[in-house]
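Enquirer: Chains as they are written, first to last, in the numbering used here: chain Z, 27 to 494; chain W, 1413 to 1884. Glycine included, each C-beta is placed from N, C-alpha and C at the ideal position.
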Amino acid sequence: MDKKIIAELSKIVGDGYISTKQSELLAYSVSASMASNAVLPGAVVRPADSKQVSQILQVAAKYNIPVTPRSGGSSLQEEVIPEVDGLVVELLRLNDIKFHKELRSVTVGAGVTYGVLEKFLKEHNVFLPVYPESALVCTVAGNVAVNGAGPGSSLFGCTGELVLDVEAVLPDGRIITTGSEANPYASGPYQRYSFGPDITGLFIGSLGSFGIITKVSMKVFKRHKYYDHNTFGFETHEQAEQFMVDVKQNDINGVFTSLYEGPVLELFMDMIGEELGVPKYEWPFRTVSMTIGRVREDLLKSDAELAKKLCVKHGGHVIGISQLPYQEWNGRLWFFVRACYVHGWHWRTLYHHQTPTNAHRSVEEIRRVMDKYGFLGHTAGFASGHSSFNAYPHLYFDPQDLEDEQKIRDAHKELAKTLFKTGAVPFKMAPYWADAIEGMDNYMTFLELIKKTIDPKKLMNPRVLGGL
Amino acid sequence: MEDGIVQKLIEIVGKEYVSTRKDVLLAYSTSASMSYDTVLPGAVVRPQTTEQVSEILKVANKHKILVTPRSGGSSLQGEVIPKEDALVIDLLRLTEIEIYPDLRSITVGAGIDFGKLDKFLNKHDLWLPVYPGSSLTATIAGNVAVNGSGFGSSQFGCIGELVLGLEVVLPNGEIIQTGSEANPNSPGPFLRYAFGPDLTGLFIGSLGVFGIITKVSLKIFKRMHQFDYNTYGFNTPQEAEKFVIQCKENEISTVWIAIYEGQILDFFLEMVGEEYGVPEHDWPPFTVSMVIGRIREDQLESDRVEAQRICVEEGGYVIGISELPKGEWDDRMLELARSSYVHGWHWRILYHHQTLSQWHKTIEEIWPIFDEFRVLGHTAGFQSGHSSYNYYPQIFFDPQDKEDENKARAAHKELVRRLFKTGAVPFKLAPYWVDGITEMEPYLELVKGLKEAIDPNRIMSPGVIPGIEGEN
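1. Grouping DSSP H, G and I as helix and E and B as strand, with all else coil, what is residue 1599/W?
2. Output needed in chain order: residues of the segment 1601-1618 of chain W with a Cβ under 8 Å from some Cβ in chain Z.
3. Quick check: what's the CA-CA separation for residue 187/Z versus residue 1574/W?
4. Just confirm the distance between the C-beta atoms of residue 1659/W and residue 1666/W, as a whole number of angstroms; I'd bet it's less than 8 Å.
5. For residue 1571/W, which residues of its own chain have a beta-carbon under 7 Å away from its beta-carbon, when the five flanking residues on both sides are left out?
6. Between residue 1867/W and the rest of its own chain, which residues show a CB-CB distance below 6 Å, the 5 nearest in sequence each way excluded?
7. Rounded to the nearest angstrom, what separates residue 357/Z and residue 351/Z at their Cα positions?
8. Pull up the distance between the alpha-carbon of residue 389/Z and that of residue 489/Z, whole angstroms please.
9. What residue range does the beta strand (DSSP E) around residue 1612/W cover?
10. Closest to residue 1523/W by C-alpha separation, out of 1769/W, 1437/W and 1624/W, would be which residue?
11. In three-state terms, what does DSSP make of residue 169/Z?
12. Within 10 angstroms of its Cβ, does residue 209/Z collect 16 or more other Cβ (buried), or is it exposed?
13. Could you please tell me which residues of the segment 378-390 of chain Z, in chain order, have their CB closer than 7 Å to any CB of chain W?
14. Return the chain-ordered list of same chain residues with a C-beta closer than 7 Å to the C-beta of residue 65/Z, the five sequence neighbours on each side being excluded.
15. Identify, in the order they occur along the chain, each residue of the same chain with its Cβ nearer than 6 Å to the Cβ of residue 1688/W, setting aside the five sequence neighbours on each side.
16. Could you name each continuous beta strand (DSSP E) segment of 3 residues or more that falls completely within the segment 301-378 of chain Z, going from the start of the chain to the end?
17. Taking all protein chains shown into account, do 16 or more other C-beta atoms lie within 10 angstroms of the C-beta of residue 173/Z, making it buried, or fewer, making it exposed?
18. Quick check on DSSP: helix, strand or coil for residue 37/Z?
19. For residue 1640/W and residue 38/Z, I'd like the C-alpha separation in whole angstroms.
20. Can you confirm whether residue 1570/W, when its beta carbon is compared against all beta carbons of chain Z, has any partner nearer than 8 Å?
21. What residue range does the alpha helix (DSSP H) around residue 444/Z cover?
22. Threshold first: 3 residues or longer. Then list the beta strand (DSSP E) segments lying entirely within the segment 126-206 of chain Z, N to C.
23. Going by the beta-carbon positions, is the gap between residue 454/Z and residue 197/Z smaller than 8 Å?
24. Identify whether residue 1879/W lies in helix, strand or coil by the three-state DSSP scheme.
25. Is it the case that the segment 1803-1815 of chain W contacts the segment 1752-1761 of chain W, given that we only count it when at least three CB pairs across the two stretches are under 8 Å?
26. Just to confirm my understanding: we take residue 1495/W, look at its own chain, exclude 5 residues before and 5 after, and list those with CB closer than 8 Å. What are they?
27. Residue 267/Z to residue 385/Z, Cα distance in whole Å?
28. Taking only beta-carbon atoms, is residue 178/Z less than 8 Å away from chain W?
29. Less than 8 Å between the CB atoms is what I'm expecting for residue 232/Z and residue 171/Z, so what's the real figure, rounded?
30. According to DSSP, is residue 1858/W part of a helix, a strand, or is it coil?
31. Please list the partners that residue 412/Z has in chain W, where partner means a Cβ-to-Cβ separation under 7 Å.
32. Write down every uninterrupted run of the beta strand (DSSP E) in the segment 1455-1535 of chain W whose length is 3 residues or greater and which is fully enclosed by it, in chain order.
33. Taking 8 Å as the CB-CB limit, is residue 1810/W close to chain Z?
34. Quick check: residue 1620/W and residue 1749/W, are their CB atoms within less than 8 Å of each other?
35. Tell me the start and end of each unbroken alpha helix (DSSP H) in the segment 50-114 of chain Z that is at least 4 residues and wholly inside, in chain order.
36. In chain order, what residues of the segment 240-271 of chain Z put their CB closer than 7 Å to some CB of chain W?
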């Protein structure tokens, strides 16, 4: 990158917080995304506050430098892979936390991870009850930008539903705050739907393409004190799926409700069953693993009893093994990451959402692609809101074997297409989804118009949203 | 309006559904908004389908005709008052309802009102659990456009939080679908946050400035049949506020919470107390009227006991009069509209949101303004989501007395300024809010930029968000 530009950036953040050293840039050329090509940026800059971010974006705009914002780097779908000779704006120094007790909300800087926040909120007996799979390194702001979900979503929805507002630096350097805090006199975040239209939504799932989120304000809740963990077995997918719908419909507080196909659960248990202390069991065709959480004990007991009744009503049987849901919930800050890495393979993931009653369609499509391409993989998922189901297929490959990796890339691409045809949707327009969608021309044209309006120079994270 | 244009509109919807007759246009020159000047449009058109709406907007866009979309006409802040000689698009013929039981969702055309939908959902033992004050005439699409709230919002939030996706006709006539249904293979609406960024939000509270909402998809829920109605007394506003926060925090399923100041409650009960059968009572300085709703009886009993415990813990006492909250809740489709009109006055309203912990700040601003401007009025409201409180102050005036009406308008204008400084916010950028707002320039510039890009000819809903319309 041009020395003059580096000098201008140094002036903003100080010499200690900018680097063009190859050894450091290497760390920013990749992320947790596997099977994606590394790209070396031209510089990385580490601002301390929103004002510095604003000044940096003004410099980037002046010299037409593509910008990739980055925080935890734990995203799995190439969201933070930079552009060649582009600028990475690393946000981990924005680590303020402000708790608004009476507003039942918290405001965090873009550098605050779920792990750090969880520790903080615990002292106040509240929680932000959605934990992405990589909660120990993943930042809240990053998760808003990718519109994630995780344990807790079965009750509280995806991260987007908990957002009260964002502070964002627009590509031209203007700083805006959305929601009730758009009013500079507001005592804090308390209502997202203020000063309508809802501008907050534009940044949820935006992957940084409209600017850099520097702060997010989230709803927080009193921590659940009482939990019930149980497993429920079914012989058909309809039974299991209808059970999941009915759990929601009857106001059972399932905070994490996972659905496993028999062979997939066997595979998981082979990997980590013993370590988790899950007893040997001949798992049925479908298993629902559910954690119910409540702030009061009598409500919990009522939910737990009703869940058993509904299970039987739908033709299932109560398995009674609690260790699996217990471990899923208690390990919610790391359980999935561990389960994903413990087997030693590399993998590509293909997050998507189905309706609960269509969950089996994802399983069918994944099996079909696995057979066709001849690779190992699996899928499981969890209830992720009012009536959606978040599936996270894994496609394994050997990173030493380029042919194997290419096979996985091809299979992945095809899978996105066939899943789209089943009615599945992604949380956000990750690069490969743009290829998979069909019949959404008006939507994409409109999205492009918004992009052009907010980021006319197309500098902000240009690779996402299908490169609009 | 030019004959050529009217002819084109007739070609689209048929002769029956276009009118330029003055007596018909008169009905579209006004709305439930009081103290707003009427404006006669040039024509009204009543499309039956989304495609017709699209064709109409193509004509309007080509000829730069100003367009005001309208459905129930029950909005109170001038949202559907048209421009002179402009076009009103009445959406009441878009009356489709499609239910998706497994997806726990529903899609309704822009002409479906809350009353009709409630009747429909009731048969399935389901509901859309937010009822605006004018439910019998307000359409769901209209309520999304104004981002309303109402009975049920204490538990379920404002209407925006229930939206799963929208079908919208953009000013150039393009039709877009947001949310999971953006996927044409989708079995129905099941997730708003699909294909991020979230474009649905742009139209929530948009007052039609970015296009016309033709269909709305929403979350629906199993209907509650277990209710507890009670009143709780407090000596200070802070105690009442804390009680409400603690009820929320402790997962009590409150579908309706109103905090009443003593003198306002007296005034309110003078109007409807006898009818609701509310017994005479020496009401405390602050009363919380609360309805707890649950699907299951044991949950309700648990909530009831917990609410009483919290009440006492916060320094209050359980009044035990159930007729007030029961009257309010049972009348939820019409109560607020009725109680607003029953006294016979005209009034201006100033919807806004306050934090729960600052509930008292609005009250503190309102009484001095009434004194200064020598107007009559009151304010009531209800708890409206995670931690907000929806206020609806009313300033009364005599419509025959111009001076009195001007006083009400002036008081209204000043009240916005002072409420803004307390940290209050509106649901949407209604015209009078734009005047009261300071230090929000970058935000307004962004909205203005979006408006210019989406509606370059500035045909959509002119005047409803004046600050973003740019120069002519």
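Expert: Short version:
1. Residue state for residue 1599/W is assigned as coil, using DSSP reduced to three classes.
2. Those would be 1602, 1603, 1604, 1605, 1606, 1607, 1608, 1609, 1610, 1611, 1612, 1613, 1614, 1615, 1616, 1617 and 1618, in chain order.
3. Our two residues, residue 187/Z and residue 1574/W, have alpha carbons roughly 10 Å apart in a direct line.
4. That belief holds up - the Cβ atoms of residue 1659/W and residue 1666/W are roughly 6 Å apart, short of 8 Å.
5. In its chain, beyond the 5 residues on either side, 1542, 1555, 1556, 1559, 1560 and 1561 have a beta carbon closer than 7 Å to the beta carbon of residue 1571/W.
6. The answer, listed in chain order, is 1583.
7. Taken atom to atom, the span from the alpha-carbon of residue 357/Z to that of residue 351/Z is near 10 Å.
8. If I take the Cα positions, the gap works out to 29 Å.
9. Following the DSSP letters along the chain, one finds residue 1612/W in no beta strand (DSSP E) but inside the alpha helix (DSSP H) bounded by residues 1612-1615.
10. The option with the nearest alpha carbon to residue 1523/W is 1624/W.
11. Helix.
12. It counts as buried.
13. Residues passing the 7 Å Cβ filter: 379, 381, 383 and 384.
14. Answer for residue 65/Z: 55, 107, 108, 109 and 110, listed in chain order.
15. Excluding sequence neighbours, residue 1688/W sits near 1735 and 1739.
16. For the segment 301-378 of chain Z, whole beta strand (DSSP E) runs of length 3 or above, ordered along the chain, are 312-320 and 372-375.
17. Residue 173/Z comes out buried.
18. Judged by DSSP in its simplified three-state form, residue 37/Z adopts helix.
19. If you take the alpha carbons of residue 1640/W and residue 38/Z, they lie about 59 Å apart.
20. Chain Z, which has a Cβ nearer than 8 Å to the Cβ of residue 1570/W, makes this yes.
21. For residue 444/Z, the enclosing alpha helix (DSSP H) starts and ends at 428-447.
22. Counting whole runs of 3 or more residues, the segment 126-206 of chain Z contains the beta strand (DSSP E) stretches 131-135, 189-195 and 201-203.
23. In this structure, residue 454/Z sits away from residue 197/Z, with a CB-CB distance that is not shorter than 8 Å.
24. Residue 1879/W falls in the helix class under three-state DSSP.
25. Yes, the segment 1752-1761 of chain W is in contact with the segment 1803-1815 of chain W.
26. Counting only residues of its own chain and dropping the five nearest sequence neighbours on each side, residue 1495/W has a CB closer than 8 Å to the CB of 1451, 1453, 1478, 1480, 1874 and 1875.
27. The alpha-carbon separation between residue 267/Z and residue 385/Z amounts to approximately 7 Å.
28. No, its Cβ sits nowhere closer than 8 Å to a Cβ of chain W.
29. Contact check for residue 232/Z and residue 171/Z: beta-carbon distance about 6 Å, within the 8 Å limit, so the pair qualifies.
30. In this structure, DSSP gives residue 1858/W a helical state, which the three-state scheme calls helix.
31. The answer, in chain order, is 1516 and 1631.
32. Runs found: 1455-1457, 1479-1482, 1499-1502, 1509-1512 and 1517-1521.
33. Residue contact check for residue 1810/W against chain Z: no CB pair falls below 8 Å.
34. Taking 8 Å as the Cβ cut-off, residue 1620/W and residue 1749/W do not qualify as a contacting pair.
35. You should have 76-89.
36. Within the segment 240-271 of chain Z, the qualifying residues are 245, 248 and 271.
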